[in-house]
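Quick notes on the structure that follows.
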DNA sequence: CGCATATTTGAATTCTTTCAATCAACGTGG
DNA sequence: CCACGTTGATTGAAAGAATTCAAATATGCG
């Protein structure tokens, strides 16, 4: 169950067998299961536990008073839901399960103890947080300066890389539980427009999207079109390359 | 010179006289002066020092390979330019001076020593970082789900609050060195469109903008229209209210 | 005064949304 | 096994928002 988390942290820094054991121990602790649509965290809630997604996808989002909805981040297995425990008092965003999701909840004290006991893990989680911030910045670029088609291609590329890093891709495809409505909420458009853009991408043989399986037909071409540059995903350390180019 | 920084950190937690002295000491250290347009940090640079803006405005931004430019954040006096020193190896964004800017550069070891010596300051800087992340999230909402007019109003509201917190507002106005071109780069639009929206806002007597002085004529009305909710600026602690409503 | 930098304007075009309706897929109960 | 309800995907037409390109004005500064 902790596979994705361990794989994710390993991108940043080597994890010893002992640290791995500690992570597995942790992950076997108090886990909660959410079903699609469930609110894992509500805006305005107090931040009282460290939560990490073990399986499934979730969505960090904000709403405007008039109801408009914007996804602020996608949480994949291994991702920390909320940073700043012990510092941030109340949540400025909410988190929603996009399907069946398993989340471990760790008491702040236990988490602090884990980090105190292992400088490596402390470093790994710090990297995780910085990566999350970098993601957020890239999303701002996406929302602000890419058009609908580029945004979608960029999102698909980013997800490919992130899922690849935790071993959740098969060749050039992956399981993507996002409905068109949610895709729209991620890239800041309407579902109608997403639908039309998706059709164009399929027509041009850039992607296939059947059921929930997304296949990228020519990844490098697609990344070029999206002006996708994966470096924002690998800030961790200078030498940390990825398995893919 | 360290006034803004101290004021900013005080929002999060009380700062003792001793901590204040340490901050002033630090600020009197190695300061660098940049002129308008200067690159304070370049994308791809190694992250080798903690930098804090002491005076003037700067802009955190990213570029697409084809040259499109998107502001990712605005750095006001007291803001930390780059987080994650010691964890992040290379910058995924750049920082540009928007006018004359003073920045202190602090060696990682010196900064670590400061935080080690004062849990309060450690906490304050942690809050600062979380606030920055919250800003980033709100910007994503702004870019994704508000229209041009709302984005502009929201930006003006946010800046009012942030500047107010560091004592840089006068009544309902403040000095805003952003040209229309930069406003456009912040809210993800063209300068032409920003121009037209600004004219409408002036016509409707919502704002005045002469020279570089921005005056907000009816702040609450404006915040309502922008669906602005300042809570994302005050995550620090439950009891930390602001001077304004 | 005059250059350089910013702002403003207009018209045409492109991109995206809106609104409403239709279609397709799927699981349920009868 | 099939009618039915639900959810998600697709379509069309029209309206609306924002961009583009170029040119015209302002404005600030030396």
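Protein chains in written order, with the numbering used here: chain A, 1 to 245; chain B, 1001 to 1245.
By construction, the Cβ of each residue, glycine as well, lies at the ideal position given by its N, Cα and C atoms.
Residue j beta carbon less than 9 Å from that of residue i
i, j, result
"residue 1157 (chain B)", "residue 1226 (chain B)", "yes"
"residue 207 (chain A)", "residue 148 (chain A)", "no"
"residue 76 (chain A)", "residue 53 (chain A)", "yes"
"residue 1134 (chain B)", "residue 92 (chain A)", "yes"
"residue 106 (chain A)", "residue 193 (chain A)", "no"
"residue 1055 (chain B)", "residue 1094 (chain B)", "no"
"residue 59 (chain A)", "residue 47 (chain A)", "no"
"residue 1009 (chain B)", "residue 1098 (chain B)", "no"
"residue 1026 (chain B)", "residue 1007 (chain B)", "no"
"residue 1038 (chain B)", "residue 1096 (chain B)", "yes"
"residue 146 (chain A)", "residue 1146 (chain B)", "no"
"residue 1183 (chain B)", "residue 1198 (chain B)", "yes"
"residue 235 (chain A)", "residue 1084 (chain B)", "yes"
"residue 1136 (chain B)", "residue 140 (chain A)", "yes"
"residue 1081 (chain B)", "residue 1103 (chain B)", "yes"
"residue 168 (chain A)", "residue 4 (chain A)", "yes"
"residue 1159 (chain B)", "residue 1151 (chain B)", "no"
"residue 1114 (chain B)", "residue 1049 (chain B)", "no"
"residue 1175 (chain B)", "residue 1210 (chain B)", "no"
Opening and closing residue of the alpha helix (DSSP H) in which residue i lies
i, result
"residue 41 (chain A)", "Run containing residue 41 (chain A): none in the alpha helix (DSSP H); it sits in the beta strand (DSSP E), 39-41."
"residue 194 (chain A)", "191-203"
"residue 1004 (chain B)", "1003-1012"
"residue 1121 (chain B)", "1119-1145"
"residue 213 (chain A)", "Counting along the chain, residue 213 (chain A) falls outside any alpha helix (DSSP H), though it belongs to the beta strand (DSSP E) covering 213-216."
"residue 1186 (chain B)", "1180-1187"
"residue 1157 (chain B)", "1148-1165"
"residue 35 (chain A)", "That residue, residue 35 (chain A), is in no alpha helix (DSSP H); it is neither H nor E in DSSP."
"residue 1234 (chain B)", "Taken as a continuous stretch (DSSP letters only), residue 1234 (chain B) belongs to no alpha helix (DSSP H), as it is neither H nor E."
"residue 1020 (chain B)", "1017-1027"
"residue 1221 (chain B)", "1219-1225"
Chain A contact residues for residue i, given Cβ-Cβ distances below 7 Å
i, result
"residue 1065 (chain B)", "227"
"residue 1231 (chain B)", "92"
"residue 1057 (chain B)", "Those do not exist, as residue 1057 (chain B) stays about 18 Å from chain A at its closest Cβ, beyond 7 Å."
"residue 1137 (chain B)", "62, 72, 92, 93, 136"
"residue 1123 (chain B)", "87"
"residue 1221 (chain B)", "By Cβ distance, chain A contributes nothing, its closest Cβ being about 15 Å from residue 1221 (chain B), past 7 Å."
Boundaries of the beta strand (DSSP E) in which residue i is found, first to last residue
i, result
"residue 283 (chain A)", "Because chain A in this structure spans residues 1 to 245, residue 283 (chain A) falls outside the shown range and cannot be described."
"residue 73 (chain A)", "69-75"
"residue 97 (chain A)", "94-97"
"residue 102 (chain A)", "101-106"
"residue 54 (chain A)", "50-55"
"residue 59 (chain A)", "58-63"
"residue 209 (chain A)", "207-210"
Nearest-angstrom Cβ-Cβ length linking residue i and residue j, presumed shorter than 8 Å
i, j, result
"residue 161 (chain A)", "residue 230 (chain A)", "5 Å"
"residue 1088 (chain B)", "residue 130 (chain A)", "5 Å"
"residue 173 (chain A)", "residue 214 (chain A)", "6 Å"
"residue 1013 (chain B)", "residue 1120 (chain B)", "6 Å"
"residue 1011 (chain B)", "residue 1165 (chain B)", "6 Å"
Chain-ordered chain B contacts of residue i [CB-CB under 7 Å]
i, result
"residue 88 (chain A)", "1130, 1235"
"residue 144 (chain A)", "1070, 1143, 1188"
heavy atom of the ligand MG below 8 Å from residue i C-beta
i, result
"residue 1235 (chain B)", "Only the bare structure without any ligand can be found here, which leaves the ligand MG out of the picture."
Within chain B, partners of residue i - CB distance below 8 Å
i, result
"residue 83 (chain A)", "1130, 1133"
"residue 113 (chain A)", "What residue 113 (chain A) touches in chain B: nothing, since even the nearest Cβ is about 17 Å away."
"residue 100 (chain A)", "The premise fails here: residue 100 (chain A) is roughly 26 Å from chain B at the closest Cβ pair, so nothing lies under 8 Å."
Residues that residue i contacts on chain B, provided the C-beta gap is smaller than 9 Å
i, result
"residue 127 (chain A)", "1084, 1087, 1088"
"residue 49 (chain A)", "None at all; the shortest Cβ gap to chain B is about 16 Å."
Chain-ordered neighbours of residue i on chain A, where CB pairs are closer than 9 Å
i, result
"residue 1109 (chain B)", "Neighbours of residue 1109 (chain B) on chain A: none; closest Cβ ~16 Å, over 9 Å."
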